[in-house]
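Written out below as structure tokens is the structure these notes cover.
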Amino acid sequence: MTWNYRVFRDAKDAYVIREVYYEEDGSIFACTQDAVEPFGETVEELAQDLKYFKQALKLPVLTMADIPGASAAKQTKARGKKTSGNQPVAKPSKAKSNTAGKGKR
0 MTWNYRVFRD AKDAYVIREV YYEEDGSIFA CTQDAVEPFG ETVEELAQDL KYFKQALKLP
60 VLTMADIPGA SAAKQTKARG KKTSGNQPVA KPSKAKSNTA GKGKR
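With numbering that gives the first Met the number 0 applied, the sequence shown corresponds to residues 0 to 104, in that order.
Structural data, given as structure tokens:
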């Protein structure tokens, strides 16, 4: 599984950044329920996280409708050390979704 930051437009037409998780085939698996904030244990780590946020601005904007199973609001545990700690929303799906910008960090 890989993940990256992506910009989302919410129901009130505001924009937020969430972590998006991808299957090995590149399809979207889930995203964090809440928006995430830049984080680092050092100034350098914070600067790197801000760069990742800027990369998200270059990718197509998503909505929760782009996340398989998000309407059911089914939660699963976040995996991996670098995640924000938010719980991903959605259940596994093999449906193809936008995978631009997919990658490991």
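Ideal Cβ positions, reconstructed from N, Cα and C, are used throughout, including at glycine.
Leu49 carries a helical assignment under DSSP once its states are collapsed to helix, strand and coil.
Contact check for Glu18 against Tyr4 passes: the beta carbons are separated by less than 8 Å. Under the three-state reduction of DSSP, Glu18 is assigned to strand. Only buried fits Asp48, as 16 or more other CB atoms lie within 10 angstroms of its CB. Between the alpha carbons of Asp12 and Gly39 lies a distance of about 29 Å. Distances from the alpha-carbon of Asp33 to those of Asp9, Ala46 and Lys53 put Asp9 closest. Nearest to Ala55 by C-alpha distance, out of Met0, Val6, Ala29 and Thr62, is Val6. Ranked by how close their Cα comes to the Cα of Lys57, the residues Met0, Thr41 and Ile16 have Ile16 in first place. Taken through DSSP and simplified to helix, strand or coil, Ala10 comes out as coil. Annotated three-state conformation of Ala55 is helix, per DSSP.
A direct Cα-Cα distance of roughly 19 Å separates Thr31 from Lys50.
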